[in-house]
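Following the working numbering from start to finish, the sequence shown increments by one per residue and tops out at 721.
Down below is the structure, laid out as structure tokens.
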Amino acid sequence: MKEVLCVKCARGYKAQGNICVRCESCACTKNQIVLKGICIPKRYLSERPKHEETKMHPSDLLEFVKHEYLCTQNDVLACRTLTRECVKSFYATDLAGPCRLWLQPKLVPPKGLPHLTIDTKFDKKAGDVIDLSKGKVDLLLAVAIYTSDGKMKFLEDHAQKPLLCLPPIKIKIGNEFSYDCNVDISTLASVDNNSTFEIFNIVDGEFRPTPVMIRKTSGSYIQKDSWSTNKFRRYFIVDNVLSIDRNETNTVYLRSMNIRIDIQRQKYKSSSLQCQIIIELQYTTKPSLTSLVTTSLTVSHDMPNAGVIRGLEIWGGTLGSLLALYALIQWRGELRRGGILFSLVPLLAGSVADALYFAAMLSALHALAAEAGTLGITLPLSKNEENILKAFVYSSVSLKTLKLAWLNWKQCVCDIFFLDWTEYNTSYGGDIPITGECNNYKTTALAREWCAMQTKRRAPPGYTVTVALFIFYLSSAWQDSLPPSRGYKWTVVTLAWWSAYTIVLLFRFILDKILGPPSSVLPKLCTSMGLSLLVFQDEYYAHYVHGRSDDSKELRSIVGPLAMCRVVVATQLRAVYKQLSSQDTGFLGESDPRHALLSRFLAAFFERALDGLNWVASERSVLERLLDVELTVRETGSTSVLLYDPNDAAPSCFAVTWWCEEWTLATFDAMLFGSIVITTGDSLLGALITVIMWQVMKQTRSWFGIRNLNRKIGTEVSFYP
Numbered sequence: 001m002k003e004v005l006c007v008k009c010a011r012g013y014k015a016q017g018n019i020c021v022r023c024e025s026c027a028c029t030k031n032q033i034v035l036k037g038i039c040i041p042k043r044y045l046s047e048r049p050k051h052e053e054t055k056m057h058p059s060d061l062l063e064f065v066k067h068e069y070l071c072t073q074n075d076v077l078a079c080r081t082l083t084r085e086c087v088k089s090f091y092a093t094d095l096a097g098p099c100r101l102w103l104q105p106k107l108v109p110p111k112g113l114p115h116l117t118i119d120t121k122f123d124k125k126a127g128d129v130i131d132l133s134k135g136k137v138d139l140l141l142a143v144a145i146y147t148s149d150g151k152m153k154f155l156e157d158h159a160q161k162p163l164l165c166l167p168p169i170k171i172k173i174g175n176e177f178s179y180d181c182n183v184d185i186s187t188l189a190s191v192d193n194n195s196t197f198e199i200f201n202i203v204d205g206e207f208r209p210t211p212v213m214i215r216k217t218s219g220s221y222i223q224k225d226s227w228s229t230n231k232f233r234r235y236f237i238v239d240n241v242l243s244i245d246r247n248e249t250n251t252v253y254l255r256s257m258n259i260r261i262d263i264q265r266q267k268y269k270s271s272s273l274q275c276q277i278i279i280e281l282q283y284t285t286k287p288s289l290t291s292l293v294t295t296s297l298t299v300s301h302d303m304p305n306a307g308v309i310r311g312l313e314i315w316g317g318t319l320g321s322l323l324a325l326y327a328l329i330q331w332r333g334e335l336r337r338g339g340i341l342f343s344l345v346p347l348l349a350g351s352v353a354d355a356l357y358f359a360a361m362l363s364a365l366h367a368l369a370a371e372a373g374t375l376g377i378t379l380p381l382s383k384n385e386e387n388i389l390k391a392f393v394y395s396s397v398s399l400k401t402l403k404l405a406w407l408n409w410k411q412c413v414c415d416i417f418f419l420d421w422t423e424y425n426t427s428y429g430g431d432i433p434i435t436g437e438c439n440n441y442k443t444t445a446l447a448r449e450w451c452a453m454q455t456k457r458r459a460p461p462g463y464t465v466t467v468a469l470f471i472f473y474l475s476s477a478w479q480d481s482l483p484p485s486r487g488y489k490w491t492v493v494t495l496a497w498w499s500a501y502t503i504v505l506l507f508r509f510i511l512d513k514i515l516g517p518p519s520s521v522l523p524k525l526c527t528s529m530g531l532s533l534l535v536f537q538d539e540y541y542a543h544y545v546h547g548r549s550d551d552s553k554e555l556r557s558i559v560g561p562l563a564m565c566r567v568v569v570a571t572q573l574r575a576v577y578k579q580l581s582s583q584d585t586g587f588l589g590e591s592d593p594r595h596a597l598l599s600r601f602l603a604a605f606f607e608r609a610l611d612g613l614n615w616v617a618s619e620r621s622v623l624e625r626l627l628d629v630e631l632t633v634r635e636t637g638s639t640s641v642l643l644y645d646p647n648d649a650a651p652s653c654f655a656v657t658w659w660c661e662e663w664t665l666a667t668f669d670a671m672l673f674g675s676i677v678i679t680t681g682d683s684l685l686g687a688l689i690t691v692i693m694w695q696v697m698k699q700t701r702s703w704f705g706i707r708n709l710n711r712k713i714g715t716e717v718s719f720y721p
């Protein structure tokens, strides 16, 4: 038989082996019930709202009921544990859930029960709304960790945070960024460690609680409902939740933390700013097949309007009206010179492009100067203003491209004729001389010079890009003080571009004054070769460069300013020109008698030798020279008009080349460069694309220009010299 030792224990103890150990359930009276090792009054359980079995696992239910009762008995540690249960249940609004002590207003809250919400309307110490004093450019968000053993510690050094995607965090006003952290779920669990977290904003050394808005795993926000507000203090990082209907555990973790900083100007203080911090947390369930999860941290800003939109309204309206009127004046002159009605579209597109571009530049520049002058910090532009600036820049590039395509097409289809004065030296009515190799050489030489001037620029983009990048580099120290705004960066690089363009243009102007401009070569070549150049810009509008160099008395009226002039061609003269320049079998060649007939006809016209087809000279007005349009009504009918610009060294025939279209080309280069910068933020890439585009346009324009010249004068000028 086995000997049994009987141990008798006092009330509240039980036998364990040969000794008596404390037994809390043994001390329960008949009015109490044992729950998770403690005695809870039956009345407390009966008066407590009944919990639905489908909302929480029974094991979890018993656990938080135990801590709830202990919390009502002023057990601070139990209150901390109950707080964690409430937070991890996503602030359940069920009155029988773990948040019952916060939701039932009739209950007297225990002393150790912490606050879980922040009513920013009444709590003046809330850290979500602060005033930005002058010079304050950083926000420091610290985090308080409430551990399961009842301790609390602050983390305010952002350099020692446990994970890159979690606070504490230091935010520079205007600096937006986003981090994605791929970590093992065990790493998040070690950071969480059954704790709850609270974010504080440090303002002048004072810790101010900052509320968070929470989105559950379903994607819906925690609504007010039974809570007084949806702005909560506490959050968690990871939690294991027992499934109600399946025997498994689901892991819920913090997927993303989105911090949005909304900055507004105070109504009664134009130079004072108010900052509101809005933090949104998104939770999700970990996939069961992997232990790696991704958590994200995103910081974004909602900036106040800097006045760019108002500036666009003012500058856009003013410049748009003036430039649209100028386009209509140009179109009127185009029609009178024999242009087509469609020419209004590219002319208006170019004017509107200039209005949009310069309105955007002046508005952004004014906003930048105003921000830097009135506020202690320079804020970036708002997203709305950034998008509007991008729309203006992209629209200006598109419209200017239409104008540029139309301009190049017109230049590549214009009529060109070389008037050989040696074919007019014979007496009128005599035999027509046959041109020889000498005349072919002269024609080829003049054709090569004309082709070389087709794509000549006053300020080549290659030099402009180089100087602009150098200016941009010199101003890099000042740019570092500017906010990270694409709109402001576009403004700075635009200023650098136009400064560089002005420098290159002035240098070229001084160089031309010393060495002579490239445009002066063509008139000298015409004179030395004895060839005159006639270029039709429109149907009844041509440009003439006189090339006869002898001293005959009949040519006294053609020397001087009229040696290079514009010609308003009479209808009858244009009809004869078309008749003599066309043929059925092919194009006119240097050996074709038709070319000699046309040379004799035009030579006689410029010497006033043709009765009824004479010309008169007229000086253009100052306004016409400034606007490059024809405003005065000239003589019509059978009389042609020769228009000259006094003291003008450049031949007007360059109006059908890039030389006299510098404004259109320069603005297109600036618009293209700016559009790349505002899209990518890379000025070097913008410079590279601008130079490549310039070379592509140059080669294309040269090829079509030479092709048109070969067709019109019958030469064989090669594309590559």
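All C-beta atoms, glycine included, are put in the ideal place defined by N, C-alpha and C.
- prompt: Among N182, C165, F236, I202, which has the Cα closest to the Cα of N193?
  reply: F236
field: Reference A324, options L335, A355, K153, S300, closest by Cα
entry: A355
query: Which word fits V677, buried or exposed, when buried means at least 16 other C-beta atoms lie within 10 angstroms of its C-beta?
result: buried
task: Might you give, ordered along the chain, the residues of its own chain that have their beta carbon closer than 7 Å to the beta carbon of V65, omitting 5 neighbours on each side?
output: Within the same chain, V65 has close Cβ partners L35.
query: Should the stretch 499-513 be regarded as contacting the stretch 392-404, the criterion being three or more beta carbon pairs within less than 8 Å?
result: The stretch 392-404 and the stretch 499-513 do not touch, with fewer than three beta-carbon pairs separated by less than 8 Å.
message: For a quick check, are the C-beta atoms of D184 and T294 less than 7 Å apart?
response: no
- prompt: From the DSSP output, which residues share a beta bridge with A468?
  reply: DSSP output for A468 lists no bridge partner at all.
Where Q454 falls, given that 16 or more other Cβ within 10 Å makes a residue buried: buried
field: Cβ neighbour criterion (16 or more within 10 Å) applied to I340
entry: Its Cβ having fewer than 16 others within 10 Å, I340 is exposed.
message: Is there a C-beta anywhere in chain C that falls below 7 Å from the one on S395?
response: Protein chains in the displayed structure number just one, and chain C is not present.
- prompt: So L141 and I169 are in contact, right, with Cβ under 8 Å, and what is the actual spacing, rounded?
  reply: 5 Å
task: Output yes or no for whether 7 Å exceeds the beta carbon distance between K138 and K172.
output: First, the residue type needs correcting, since residue 138 is Asp and not Lys in the sequence shown. Yes, Cβ-Cβ distance for D138 and K172 is below 7 Å.
query: Okay, do the stretch 656-667 and the stretch 409-426 touch, 3+ Cβ pairs below 8 Å being the bar?
result: yes
field: For V641 and M564, the rounded distance between their alpha carbons
entry: 13 Å
query: Between W723 and F358, is the Cβ-Cβ spacing less than 7 Å?
result: Outside the shown range of the chain (1 to 721) lies residue 723, about which nothing can therefore be said.
task: Kindly list the residues whose CB is nearer than 6 Å to the CB of V629, restricted to its own chain and excluding five residues on each side of it in sequence; keep chain order.
output: I329, Q330, G333
- prompt: Going along the chain, which unbroken runs of the alpha helix (DSSP H) with 4 or more residues stay wholly within the stretch 330-394?
  reply: 344-374
Spatially closest choice to P484 from P114, T444, G530, F177, by CA coordinates: F177
task: Indicate whether E423 and S599 have their beta-carbon atoms separated by less than 7 Å.
output: S599 sits close to E423, with the two beta carbons spaced by under 7 Å.
field: Rounded separation between R711 and G307 - CA only
entry: Their backbone Cα atoms lie some 55 Å apart in a straight line.
message: Give me the residue from Q274, Y253, R458 with the minimum Cα distance to D262.
response: Q274
query: Are three or more beta carbon pairs between the stretch 224-241 and the stretch 207-215 nearer than 8 Å?
result: yes
- prompt: Relative to the alpha-carbon of V493, which residue among I503, I471, G350, T443 has its alpha-carbon at the smallest distance?
  reply: Per the C-alpha coordinates, the member of I503, I471, G350, T443 positioned closest to V493 is I471.
Segment contact flag, the stretch 74-88 with the stretch 100-110, C-beta cutoff 8 Å, min 3 pairs: yes
message: Looking only at its chain, what residues have a beta carbon closer than 8 Å to the beta carbon of K286, apart from the 5 residues adjacent to it on each side?
response: Same-chain partners within the cutoff: I185, N250, T251, V252, Y253, V293.
Residue interval of the alpha helix (DSSP H) (run including D192): 185-192
- prompt: When the Cα atoms are used, what is the spatial distance from S528 to K442?
  reply: 9 Å
message: I'd like to know whether the C-beta atoms of S675 and V393 end up nearer to each other than 7 Å.
response: The beta carbons of S675 and V393 sit closer together than 7 Å.
- prompt: Three-state secondary structure (DSSP) at D584?
  reply: Residue confidence for D584 is low, a pLDDT of 46 falling below 50, so the modelled location carries little weight; the figure read from the coordinates is stated next. Of the three classes helix, strand and coil, the one that applies to D584 here is coil, per DSSP.
message: Among the candidates K383, A349, R336, whose CA atom is the shortest distance from the CA of D302?
response: Minimum Cα-Cα distance from D302 among the listed residues K383, A349, R336 corresponds to K383.
query: If you run the structure through DSSP and keep just helix, strand and coil, what is Y541?
result: strand
message: Tell me the rounded alpha-carbon separation between A604 and E716.
response: 28 Å
field: Length of the line joining the Cα atoms of L70 and L116
entry: When only Cα atoms are considered, L70 and L116 end up about 19 Å apart.
- prompt: Which of the three DSSP states, helix, strand or coil, is assigned to C181?
  reply: strand
- prompt: At which residues does the alpha helix (DSSP H) containing Y501 begin and terminate?
  reply: 486-515
message: Using C-beta distances below 6 Å, list every residue in its chain close to A650, excluding the 5 sequence neighbours before and after it, in chain order.
response: S519
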